[in-house]
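If you use my numbering, the sequence shown corresponds to residues 22 to 468, in order. Take a look at the structure set out below.
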Amino acid sequence: MKVVIIGASHGGLQAALTLKKLDPQTEVVLIEKRSELSFVSSGIILRMNQMVDELDNVRYLTAEELSKKGIVVLLNTMVTTIQPEKSTIIYEDDAKKTCKVSYDKLILATGSNQFSTNLTLPSKDKVTVFKSYSSSVEVLRKLEQARSISIIGGGYIGVELCDALKEKGKEIHLIESAGSVLFRYLDKELSSLIEQKIVDSGVKLHLNESVIGFSDIEEESFITQTTNEEIRNDYVIVAVNARPDTTLVKEFLDLNANGTIRVNEHMQTSDPNIFALGDVISYPVRNSYRKSFIPLVNNVVRSATVAAMNVLGHPMKYNMTQKTTATKIFNNYIATTGLTEVEAKFEGIEVESIFLTLPSQLPYLKLQEEVHIKLVFEKGTHNLIGGQLMSEKDITQSINTLSLAIDKETTLEELVTMDFYFNPGINQPMGIISRAAYEFLIEKYRV
Ligand SMILES: Cc1cc2nc3c(=O)[nH]c(=O)nc-3n(C[C@H](O)[C@H](O)[C@H](O)COP(=O)(O)OP(=O)(O)OC[C@H]3O[C@@H](n4cnc5c(N)ncnc54)[C@H](O)[C@@H]3O)c2cc1C
């Protein structure tokens, strides 16, 4: 069996490695248009926060390591055409020569591109997105030189950038068209806590404001025009509008309304010999009627594993996503899973919620940390629908517990009675998840 994979980022790599682990005899050809692979997109943030010495280190695999495993890696190689009727792809190799390769199965791991806009932009060296290693090197250099920067988009990338850029003597503007930051993941109770930290750090936060254009674009510093004001900047980072890259297949494969490739639960497209995974497909979201475009690596590696298994004839189904996330910003861990209360209502689910700030440790300990917790659950059944956590303490593993609880349709009553550990030097006899559920039930049933 010969499998060709287009795209050697998180998804393509996971699929290639899984195929080779399952069957070393499988011929795997991995094709990537960039000159390098396995760079982690938030490398800039890790570098600015001095968690790594070199941007170039933010990788976890090399082409040589893959070659040693018997995977054929073609870098600087751009696939230009797929001929599904001939099971062949045409590519331009690193010497710009046009070549052909045939496949038994093809895996599309072409991912997503950031940033599509109709706005007239200042010159390319003043407006940017970053995802690849080469764009990140460039952006890091520009960020060091820039004095006034607008970041468009208050999602994870925008907020993490604000945190990394604070206290660097620059004027930073964060512009978000919605009424709160991280609104896809957090309800107001928690997002307002983060917004306060953003403002306290000196970043100028513009909520309910959209960028509608740029002027003076020939000048050294230009004007970023929002719906409310004009901001003089010398650099703009666009952290919105990632779109699936379906250029190669949109003429012959079925697509979803949101532009992603339509796949079944085995990651198989409308052509049975072609599989797709990662950012180029949509995912079924637990408690949502829709499949959604959710560009997260946790979805990418799982869909890649499922695709590789099925390519080699081992039936495996993609489960669901709770779109679980975690980050550390402004000295706080933020972790989310499932639907927000706003999203759940939008899905037509009748929900209730509880938001609490709880002490994590018993009062005798020197170290005292608080955890902000919000649980969203269905009214009546008390099935958990979503969870949000924020603390200076590392609570990120607790979000996986909540993700599992949502996946298994766990109720508040079960969260209270579930077996979780206690250690007098670490936590309270009833841990934060159980306690939040417990406090809701006590309040509800109190006579
Ligand atoms: C700044 C930033 C930070 C992020 N941080 C996080 C995070 O902390 N946690 C998280 O879960 N997710 C994060 N994400 C999202 C995550 O990076 C994506 O979900 C992930 O990269 C998608 O992986 P993929 O393999 O599907 O596709 P991509 O990473 O988009 O890669 C697709 C690959 O295909 C190649 N390709 C495309 N077309 C062709 C062609 N015709 N020929 C050859 N090669 C081709 C591309 O060059 C590319 O290397 C972040 C994204 C960004 C931009």
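Every residue, glycine too, gets a C-beta built ideally from N, C-alpha and C. Note that the coordinates shown come from a computational prediction; the quantities given were computed from them, not determined experimentally.
Rounded to whole angstroms, what is the Cα-Cα separation between residue i and residue j?
i: L142; j: V261; result: 15 Å
i: R205; j: N319; result: 16 Å
i: S412; j: H227; result: 24 Å
i: N308; j: G132; result: 25 Å
i: G179; j: Q46; result: 44 Å
i: L462; j: E399; result: 13 Å
i: M69; j: L51; result: 32 Å
i: K152; j: I65; result: 9 Å
i: M337; j: H287; result: 6 Å
i: A185; j: K147; result: 19 Å
i: Y81; j: L317; result: 17 Å
i: Q382; j: K395; result: 18 Å
i: I110; j: E57; result: 21 Å
i: K126; j: G32; result: 16 Å
i: T39; j: S242; result: 49 Å
i: E192; j: E371; result: 43 Å
i: E159; j: D237; result: 23 Å
i: T83; j: S59; result: 7 Å
i: M72; j: K121; result: 42 Å
i: G280; j: K225; result: 34 Å
i: D292; j: K23; result: 17 Å
Start and end of the beta strand (DSSP E) containing residue i?
i: A167; result: From DSSP, A167 is part of no beta strand (DSSP E); its letter is neither H nor E.
i: G359; result: 353-359
i: Y112; result: 109-113
i: K472; result: The requested residue 472 is not part of the displayed model; the chain covers only 22 to 468.
i: E373; result: 372-380
i: L383; result: Run containing L383: none; DSSP gives neither H nor E here.
i: L127; result: 126-129
i: L346; result: Correcting the residue identity first, residue 346 is Thr in this sequence and not Leu. Unbroken beta strand (DSSP E) run through T346: 346-350.
i: A297; result: 295-297
i: V301; result: Run containing V301: none; DSSP gives neither H nor E here.
i: K23; result: 23-27
Let me know if residue i comes out buried or exposed under the rule of 16 or more other beta-carbons within 10 Å of its beta-carbon.
i: P265; result: buried
i: T402; result: exposed
i: F367; result: exposed
i: H194; result: buried
i: L140; result: exposed
i: R467; result: exposed
i: C473; result: This structure leaves residue 473 out entirely; the chain is present only between 22 and 468.
i: I447; result: exposed
i: Y442; result: exposed
i: G175; result: buried
i: L388; result: exposed
i: M330; result: buried
i: S123; result: exposed
i: G15; result: With the chain covering 22 to 468 only, the question about residue 15 has no answer from this structure.
i: V61; result: buried
i: G408; result: buried
i: H10; result: Nothing can be reported for residue 10, as the shown portion of the chain is limited to 22 through 468.
i: S213; result: exposed
i: E275; result: Before going on, a small fix: residue 275 reads as Asp here, not Glu. Exposed.
i: N353; result: buried
i: K344; result: buried
i: E362; result: buried
Which class does residue i belong to by DSSP, given the choice of helix, strand or coil?
i: L67; result: helix
i: Y442; result: coil
i: H335; result: coil
i: F273; result: coil
i: N229; result: coil
i: S470; result: The structure shown does not extend to residue 470, since the chain is modelled only from 22 through 468, so no value can be given for it.
i: E399; result: strand
i: E106; result: helix
i: R323; result: helix
i: V93; result: strand
i: E391; result: strand
i: K41; result: helix
i: E75; result: coil
i: E48; result: strand
i: E57; result: coil
i: S157; result: helix
i: Q289; result: strand
i: V100; result: strand
i: V148; result: strand
i: L317; result: coil
Taking the alpha helix (DSSP H) that residue i falls in, what are its first and last residues?
i: T417; result: 417-428
i: Y177; result: 177-186
i: E362; result: 362-367
i: F461; result: 453-466
Nearest chain C C-beta to residue i closer than 8 Å, yes or no?
i: S198; result: Although the question refers to chain C, the structure presented lacks it and comprises just one protein chain.
| request: For the segment 197-270, list the alpha helix (DSSP H) runs that are entirely contained and at least 4 residues long, ordered along the chain. | output: Counting only runs of 4 or more, we get 209-221.
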